[in-house]
Amino acid sequence: MLNVRKAQKQLNILVVGCGLGGLAAAYALGRAGHSITVIESSTSIGEVGAGIQIGPNLSRILIRWGLEQRLKSVSERDKPTWFTFHRYDTGEVIGMSRLEGKLDRDHGAPWHVVHRADLYEMLLSKASPYMNLRMNSRVTSLNFDDTSRPSLTLQTGEVISADLIVGADGINSVVRSHVTGQTKIPLSVPTGDLAYRVVLPTHTFTDDPQLRFLVEEPRIRCWIGPGRHIVGYCIRNRTEYNLVLVKPGDGHSYSWTAEGDLKEMRNGFNEWDPCVQKLLSKADSVLESRLLICKPLETWIHGSGRVVLLGDSCHPMLPYRAQGSAMAIEDAAVLGNLFSRISDTSQITPLLDAYESLRHARVTATQEASARNRTVYHLPDGLEQIQRDAAMKIAMEEEISNYERSKDGYSPSITDQNDNPNAWSDKSKNKEQFDYDPDNAVEEWWALNRDRIRLPEKIHYKL
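Take 1 as the starting number for the sequence shown in the UniProt record's numbering and just add one per residue.
Listed below in structure tokens is the structure:
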């Protein structure tokens with residue numbers, strides 16, 4: 001763990017939302033010495049029953065935050081060996097990328113897959129000592145009459161003020177409506193896709209020849225086909241199998257708490273790989289959510305300079321690059337590091353400007369990468385699909401060759417596979433996505449701008 005810097009000036013900070021991003025913000029800002037109150041509208045806290053992929057850029061942060069052993073305890077037997085792409089109807093492997101060992105070597109941190117509830121408990125354990133949690137507290141409005149002390153009003157009429165308000169309240173953010181002046185999700189385009197989440201117990205898989213291989217070697221498997229795809233992997237030390245399925249459809253909400261229609265889900269994949277059919281036949285419940293393409297907001301900061309957005313409230317992610325939670329937790333890490341350096345309240349706005357300048361381009365690029373993967377995965381059968389599969393197979397052959405060479409003690413080849421439709425074989429894309437270190441980003445920014453941060457007015461910083 002890095003040495004934790006304590007801010008010279010303690011702030012009273014309200015974090016709206018107790019999801020993964022809100023907990024990460026509470027921890028990162030709390031350990032920097034600030035007084036944190038988390039406002040949560042629900043009467044209970046927790047995460048939906050589903051899996052989550054933790055790429056090297058996220059595992060790096062969690063390890064630095066002292067969670068390495070906890071990560072291993074809940075997922076060591078699930079660590080995926082390969083990311084494999086399968087043709088939707090036959091299950092034929094058309095693409096492979098090595099994960100275990102290779103990612104540690106190339107990016108300095110591993111890939112894990114965990115249950116979202118387990119990740120939530122990890123972050124809750126870190127944040128709890130630093131935060132006062134207010135449950136059943138729904139924010140109805142924000143007030144900026146006192147520009148140096150913004151306040152929020154709860155459904156009870158109670159008014160709470162603070163030096164800084166962080167909106168980590170998700171895609172349906174109340175805080176965002178005050179930053180953008182729009183009550184609806186701004187700059188968004190429906191994809192026409194509906195996503196489902198299913199978690200299956202694996203105790204019946206071992207006696208089933210169609211499913212046994214899914215738990216014998218833990219891989220992330222992605223079936224891709226016309227207009228839809230499925231991702232599956234083991235979680236909780238191979239006792240459960242997580243599925244995310246995407247197909248055309250109109251859901252009722254942009255939240256993962258809505259119950260889905262099992263029959264509708266199964267019908268959407270009724271001509272797919274028999275292995276898929278067997279998996280879906282075992283499901284007894286499903287959660288669903290509509291998917292949106294959200295264009296970048298112009299700003300994440302309210303004009304008062306005392307309210308800022310984080311995570312899905314300002315940059316919702318499509319699930320095609322497995323980076324939504326990673327981006328929110330990266331946001332929190334950057335915010336916490338910056339505000340560990342504050343010595344006067346006049347620095348709040350410049351530090352928020354720094355946060356936005358450090359994060360905006362990165363999350364925008366990640367949003368765009370996720371949207372590109374959707375196009376690649378959902379190609380209809382035809383010339384483009386044939387070309388995609390051929391390019392994936394070329395990368396797969398090199399991945400397998402490199403793996404065999406590494407086992408024999410030889411160095412791998414250095415072909416970049418730039419713009420390969422299998423983004424996990426594109427070395428330049430992986431370097432950009434997975435080498436990112438939020439603390440290093442802040443250190444570099446601070447080295448260039450530390451002498452100017454005392455200025456209270458908004459200025460343009462070097463990057």
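Glycine is no exception: its CB is placed at the ideal position from the N, C-alpha and C atoms. Values in this document were obtained by computation on a predicted structure and should not be read as measured data.
Ranked by Cα distance from P201, the options V215, D193, V189, P209 are led by V215.
Per DSSP, the continuous alpha helix (DSSP H) segment holding M327 begins and ends at 324-339.
Counting only runs of 3+ residues, the beta strand (DSSP E) found wholly inside the segment 112-149 occupies 112-115, 131-134, 139-143, in chain order.
When secondary structure is reduced to three states using DSSP, F213 falls in the helix class.
Judged by beta-carbon spacing, N422 lies within the 9 Å limit of A395, meaning their Cβ atoms are closer than that value. The beta carbon of A32 lies closer than 6 Å to those of A7, G336, F339, S340 in the same chain, with the five residues before and after it left out.
CA-to-CA, the gap between P438 and L318 works out to about 22 Å.
In the DSSP assignment, E259 is bridged to L287.
A direct Cα-Cα distance of roughly 21 Å separates S173 from T349.
Separation of the CB atoms of V286 and M265 is rounded to 6 Å, and the pair is thereby assigned contact status at 8 Å. It is roughly 15 Å from the alpha-carbon of S59 to the alpha-carbon of E432. Residue nearest to H86 within the set E288, H315, P274 is P274 (criterion: CA-CA distance). Here N418 is exposed, its C-beta having fewer than 16 other C-beta atoms within 10 Å. Membership of V166 in the beta strand (DSSP E) is indicated by the continuous run 164-167. Membership of W223 in the beta strand (DSSP E) is indicated by the continuous run 220-225. For R105, no beta strand (DSSP E) run applies; the uninterrupted alpha helix (DSSP H) run containing it begins and ends at 102-107, by DSSP. Taking 4 residues as the minimum length, the alpha helix (DSSP H) runs contained wholly in the segment 5-83 are 20-30, 56-64, 68-75, in order along the chain. It is roughly 11 Å from the alpha-carbon of I94 to the alpha-carbon of F83. In the DSSP assignment, H360 falls within the alpha helix (DSSP H) that extends over 348-377. By alpha-carbon distance to P190, the top candidate from I39, E330, C294, Q323 is C294.
Contact between the segment 24-44 and the segment 131-146 is present: three or more C-beta pairs spanning the two stretches fall below 8 Å. Measuring C-alpha to C-alpha distances from S325 to each of I61, I13, S44, E240 identifies I61 as the nearest. In this structure the segment 102-115 does not touch the segment 19-33; the number of beta carbon pairs closer than 8 Å is below three. By alpha-carbon distance to D193, the top candidate from L292, G19, P226, Q210 is L292.
CA-CA distance, H203 to V15, rounds to 41 Å. Bridge partners of T345 according to DSSP: none are assigned.
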